[in-house]
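For what it's worth, the numbering used here labels the leading residue of the sequence shown as 3, then goes sequentially. For each residue, glycine too, the CB sits at the ideal point set by N, CA and C. Please read the structure below before turning to the comments.
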Amino acid sequence: MTGRTPSRQDSLLGQATVRSLLGGIPSARESGGDVLAELAGLVRKEADELDGIDEQLQSLAEYAIDQLKVITEGRDQYRHRSTDGVLQLTGLRIDMLLARRGAAVQHLTALCAAYKKASPPAAPASRPAPSPAPARRAARR
């Protein structure tokens with residue numbers, strides 16, 4: 003089995019999903035009450051779960067690719083009336099992980115929506131008081 007590619011390792015699906023939906027990962031010490039803190043914990047936990055599922059899926063897919071590459075490169079050993087069952091064994095597991103990943107994305111998206119709804123609205127940025135226009139200053143003199 004080969005190692006994960008650096009670009010894949012750097013982009014964790016769960017963390018990236020939360021960042022895209024919320025603009026960042028909720029902190030462990032969320033202000034705004036117990037409900038918001040609980041939701042923040044659930045968002046982080048589900049993002050970690052999604053990252054784990056996605057990592058398993060990537061590893062298994064890379065394993066299947068490596069096994070099939072042996073065949074495409076002609077390095078496999080012909081076995082009369084025998085198969086390795088690479089696709090039989092890994093195909094079902096890949097399908098199950100794909101389904102779990104899809105469900106985890108939906109769950110994480112719903113948690114992020116609930117978190118956003120429960121979060122207090124951001125305070126508007128204060129604007130400095132307007133200064134008098136130059137024409138007004140000249141008129142006052």
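What whole-angstrom Cβ distance do residue i and residue j have, given they're in contact under 8 angstroms?
i, j, result
"residue 61", "residue 42", "Between residue 42 and residue 61 the Cβ distance is about 29 angstroms, and since that is not below 8 angstroms, they are no contact."
"residue 48", "residue 109", "6 angstroms"
"residue 100", "residue 88", "Not quite, the Cβ-Cβ distance comes to about 17 angstroms (not below 8 angstroms), so this is no contact."
Hey, quick one: how far does the alpha helix (DSSP H) through residue i stretch, first residue to last?
i, result
"residue 181", "Only positions 3 to 143 of the chain appear in this structure, which leaves residue 181 out of reach."
"residue 13", "Where residue 13 is concerned, there is no enclosing alpha helix (DSSP H), given that its DSSP letter is neither H nor E."
Please tell me whether residue i and residue j are closer than 9 angstroms, where the distance is taken between their beta carbons.
i, j, result
"residue 45", "residue 113", "yes"
"residue 118", "residue 24", "yes"
By DSSP, does residue i sit in helix, in strand, or in coil?
i, result
"residue 54", "helix"
May I ask you to verify whether the region 91-102 touches the region 51-59, counting CB pairs closer than 8 angstroms and requiring at least 3?
-> The answer is yes - the region 51-59 touches the region 91-102, with three or more Cβ pairs under 8 angstroms.
If you pair each beta-carbon of the region 37-54 with each one of the region 12-22, do three or more pairs fall below 8 angstroms?
-> Touching, yes, given that three or more Cβ pairs across the two stretches are closer than 8 angstroms.
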